[in-house]
């Protein structure tokens, strides 16, 4: 408009204005079109462009929760998770790529590498045959696993080979650094995720934790867009499970029972070590314990914890319950006088002993010290059938243990009205009733702990990630017998070692009380009768204030059963426990109740 | 644009004063300071130029600031990614070493190592009570060559297992070069000492992607 200063305003201005208006109109129309489009795209998002773009940028990421550890009482790790890599290949890519480039860190240049050279390098790192590697890289599969469970350090070096089509997938791997030590207790995982045995199975929910999620926007360059959406739901790691097991004692016990089973050619053996003051289980040792790193190496029947899963007829260790019952009921006392014939017949049932003897004048202590069935039946028959049943029940026979292991045995304690003529007496010395080793130990624990029965504990507490340990509270305890009765029964047990037949359970410097048990093991093939023995020994020390109970069980040892003794095993495990926990040597005079009435 | 035109074309000034009715030329009339008809005092032209410049400068400065911020943020982002990767690597390495240590500490591995060194477990111990000075128990020295009893297998902590279908039916770990084994393979659990000792095997030479090892360098002081 101002370009023509010489022209007259009157004639030019309307034309200029007109052009101006037309131009302005065109501009405005274009602006409207552009603006409208802008509004449609930005404001209304017709065609879902923004949404699609956001969706392509939004990257959800699952944040895996780390599975909690399983640790022993001292914090020794029994199970933990580590990262491992699976090396996988897209064979189509690799087979068709004859040469590829590799960044050389030394020269900072790209080297050209042939496929053969790449295969040779990979074979060298994996420690495999070149031909094997070539075989696995060649083909038409989009996904093929070359190597499994590669350690991070090796994965790092493999990734630097830049082999086409090759990639690594991170997987969480459960590792059990102590292997078969407490292997049955710890258990193992099914497919790297869910527990299939032991603590891994029963505490799966707690160990597992909760997966988290992160949603963020990622640019075309593969970097996160800093100011865009970033929603984070953090993963909650699983809690650690702390057991009451002491790995060192556990090892010692496992080694001891394995040696004993090997020596005696027994079917299996197990050892329980329990703290009498708390009910804490310090060792649950089994023979042929599985190594959770590779549980398939042992038979399926060996993968559990026999101390709690195997119920068997306990044998003479049950005489302790009979003695405690008759004393508590006031029907007898440790130095009570029994005249015992070589065979004792009651209600048409005749009972004999494991050793030949004539008519003897025995004390109640002597009956237990020599483990006489005749005397036990004689004393126990002073109780009614209901009383016998009640006392077995009070001592926890037929009552399930609940320590957090799968398939804990309840045992079989038939009702008194179902007992036949013989069973009503055999239950007094541990035949015709079945129970797990842990149930036996629990019964002895109540005697050791002044008559108060504590429920056994295996899980000491849970440690949430980064938090304080939360102790698992002890279950209700109960007074089974009076303190005085417990003391008298303890004296009987100690006399069995000092005066009776279990002299090989004695430990220098400590007062020990013990009871052996030998029972007939029923056949497992369904036929009637029995085909072996169960030999056991349960004892406690130091008797001035019992701290620990150890039970050793040996199933079906070969050879003469009367030559089998678990004394040395009991002694070595017990002295190891006493030394580990710095228990002071015993004080006071050992109980020496006379076994015979003079 | 009209400002610039007004400055460069003084000839239109007079005509602008006469035709006050034209609203489009008011700006030009405003330029004439001496005209009493001047109605626009609020927008003096002299002040407008520095303001526009200021605007441009401010805009440029703002743009520059945003650019610098953006660059620094994305640089930090790169750094973050790198540091995170580094942290992850160190974490994994740490995890690995911890596991190795735990494996050495496994009781059966310790026992096997002790036996290898010729140590024998003592069986009978004595105690001294410092309060009463009483000695209990008869400590006996351990006997060399005593039967150590059963050997418990070392933990089968997996190294790497080749899952490629093997042509032969032999053990899949058999054809492995031992020096590339990070931890003794699961195939040798019967000899605990072997597992305990072999992780110490020399790691493969770092070839940095090549095939020729770097020349050895003399350590200082040698």
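Chains as they are written, first to last, in the working numbering: chain A, 6 to 603; chain B, 11 to 232.
All C-beta atoms, glycine included, are put in the ideal place defined by N, C-alpha and C.
Chain A residues whose Cβ lies nearer than 9 Å to that of residue i
i, result
"residue 146 of chain B", "513, 514, 515, 590, 591"
"residue 83 of chain B", "231, 232"
"residue 159 of chain B", "260, 261, 263, 264, 265, 267, 268"
Three-state secondary structure assigned by DSSP to residue i
i, result
"residue 60 of chain B", "helix"
"residue 183 of chain A", "coil"
"residue 208 of chain B", "Unreliable placement is indicated for residue 208 of chain B, whose pLDDT of 40 sits below 50; no coordinate value is reported for it."
"residue 219 of chain A", "strand"
"residue 124 of chain A", "helix"
"residue 592 of chain A", "coil"
"residue 177 of chain A", "strand"
"residue 548 of chain A", "coil"
"residue 600 of chain A", "coil"
"residue 141 of chain B", "coil"
"residue 112 of chain B", "helix"
"residue 335 of chain A", "coil"
"residue 172 of chain A", "strand"
"residue 45 of chain A", "helix"
"residue 208 of chain A", "coil"
"residue 575 of chain A", "helix"
"residue 345 of chain A", "strand"
Buried/exposed call for residue i, threshold 16 Cβ in 10 Å
i, result
"residue 198 of chain A", "exposed"
"residue 115 of chain A", "exposed"
"residue 250 of chain A", "buried"
"residue 347 of chain A", "exposed"
"residue 140 of chain B", "exposed"
"residue 321 of chain A", "buried"
"residue 394 of chain A", "buried"
"residue 182 of chain A", "buried"
"residue 64 of chain B", "exposed"
"residue 215 of chain A", "exposed"
"residue 142 of chain B", "exposed"
"residue 181 of chain B", "Its pLDDT being 39, under 50, residue 181 of chain B is placed unreliably by the model, and the measurement read from it follows with that caveat. With fewer than 16 Cβ atoms within 10 Å of its Cβ, residue 181 of chain B is classed as exposed."
"residue 378 of chain A", "buried"
"residue 178 of chain A", "buried"
"residue 430 of chain A", "buried"
Within chain B, partners of residue i - CB distance below 8 Å
i, result
"residue 256 of chain A", "117, 118, 121, 162"
"residue 655 of chain A", "Only positions 6 to 603 of chain A appear in this structure, which leaves residue 655 of chain A out of reach."
"residue 5 of chain A", "There is no way to answer for residue 5 of chain A, as the model of chain A reaches only from 6 to 603."
Cβ-Cβ separation, residue j to residue i (assumed contact under 8 Å), whole Å
i, j, result
"residue 119 of chain B", "residue 163 of chain B", "About 10 Å separates the two Cβ atoms, so there is no contact after all."
"residue 480 of chain A", "residue 460 of chain A", "4 Å"
"residue 194 of chain A", "residue 200 of chain A", "6 Å"
"residue 554 of chain A", "residue 453 of chain A", "6 Å"
"residue 373 of chain A", "residue 420 of chain A", "With a Cβ gap of about 27 Å, residue 373 of chain A and residue 420 of chain A do not count as contacting."
"residue 91 of chain A", "residue 174 of chain A", "5 Å"
"residue 185 of chain A", "residue 295 of chain A", "6 Å"
Contact list for residue i against chain B, beta-carbon separation under 7 Å
i, result
"residue 158 of chain A", "103, 106"
"residue 220 of chain A", "Near residue 220 of chain A there are no residues of chain B at all, since even the closest Cβ is about 18 Å away, more than 7 Å."
"residue 82 of chain A", "112"
"residue 549 of chain A", "Those within 7 Å of residue 549 of chain A in chain B number zero; the least Cβ separation is about 13 Å."
"residue 454 of chain A", "Under the 7 Å cutoff, chain B gives no residues; its nearest Cβ is about 24 Å from residue 454 of chain A."
"residue 580 of chain A", "135"
"residue 565 of chain A", "Ordered by position in chain B, no residue passes the 7 Å Cβ test against residue 565 of chain A, which lies about 22 Å from the chain."
Where residue i meets chain A, residues with beta-carbon distance less than 8 Å
i, result
"residue 99 of chain B", "157, 161"
Chain-ordered chain B contacts of residue i [CB-CB under 9 Å]
i, result
"residue 180 of chain A", "109, 112, 113, 165, 167, 168"
"residue 584 of chain A", "135, 137"
"residue 275 of chain A", "What residue 275 of chain A touches in chain B: nothing, since even the nearest Cβ is about 14 Å away."
"residue 253 of chain A", "117"
"residue 186 of chain A", "116, 117, 118, 162, 165"
"residue 577 of chain A", "133"
"residue 285 of chain A", "Those do not exist, as residue 285 of chain A stays about 19 Å from chain B at its closest Cβ, beyond 9 Å."
Contact list for residue i against chain A, beta-carbon separation under 7 Å
i, result
"residue 137 of chain B", "514, 590"
Which complete alpha helix (DSSP H) runs does the segment 307-331 of chain A hold, if anything under 4 residues is left out? 311-314
Pick out the complete beta strand (DSSP E) segments inside the segment 485-533 of chain A, 3 residues or longer, and give them in chain order. 518-527
Pick out the complete alpha helix (DSSP H) segments inside the segment 402-476 of chain A, 4 residues or longer, and give them in chain order. 428-431, 442-453
Go through the segment 235-286 of chain A residue by residue and report every complete run of the alpha helix (DSSP H) that reaches 4 residues or more, in order. 252-269
Which parts of the segment 51-82 of chain A are runs of the beta strand (DSSP E), unbroken and 3 residues or longer, counting only runs that do not cross its ends? 63-68
Please specify which runs of the alpha helix (DSSP H), each continuous and at least 4 residues long, are wholly inside the segment 131-155 of chain A, giving them in chain order. 135-142
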